[in-house]
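Here the structure is laid out as structure tokens; the discussion comes afterwards.
In my numbering, the protein residues as written are 1 to 92.
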């Protein structure tokens, strides 16, 4: 059981670059790095492609699930939430 807090959200993942980066995708939306969703981050202890997600996808998933930890590795997410007014695509 993982008990460490992970502060990887908001930082670029070490897994997001390199020769295989074209095949990396978010485990939530199944899309890669793009302008709308941004870089992939590794917010927990999961390794490989299952450990990658967009910050915005993870924030939405956490709000919907009412949880603060990864369902796979059980690591607790320590995230800095993006204020709603600064999210891309939000109309005021």
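By construction, the Cβ of each residue, glycine as well, lies at the ideal position given by its N, Cα and C atoms.
The structure displayed is predicted, hence computed values, not measured ones.
Restricting to Cα atoms, I'd like to know which of the options is closest to residue i.
i, options, result
"residue 36", "49, 55, 24, 48", "55"
"residue 59", "73, 78, 48, 46", "78"
"residue 28", "53, 68, 41", "53"
"residue 73", "63, 62, 50", "50"
Rounded to a whole number of angstroms, what is the C-alpha to C-alpha distance between residue i and residue j?
i, j, result
"residue 66", "residue 23", "30 Å"
"residue 30", "residue 45", "19 Å"
"residue 7", "residue 43", "Caution is warranted here: a pLDDT of 44 is assigned to residue 7, below 50, making its placement in the model unreliable, and the coordinate value is therefore given only provisionally. Each residue's Cα considered, the two are about 7 Å apart."
"residue 38", "residue 57", "10 Å"
"residue 75", "residue 41", "15 Å"
"residue 32", "residue 69", "23 Å"
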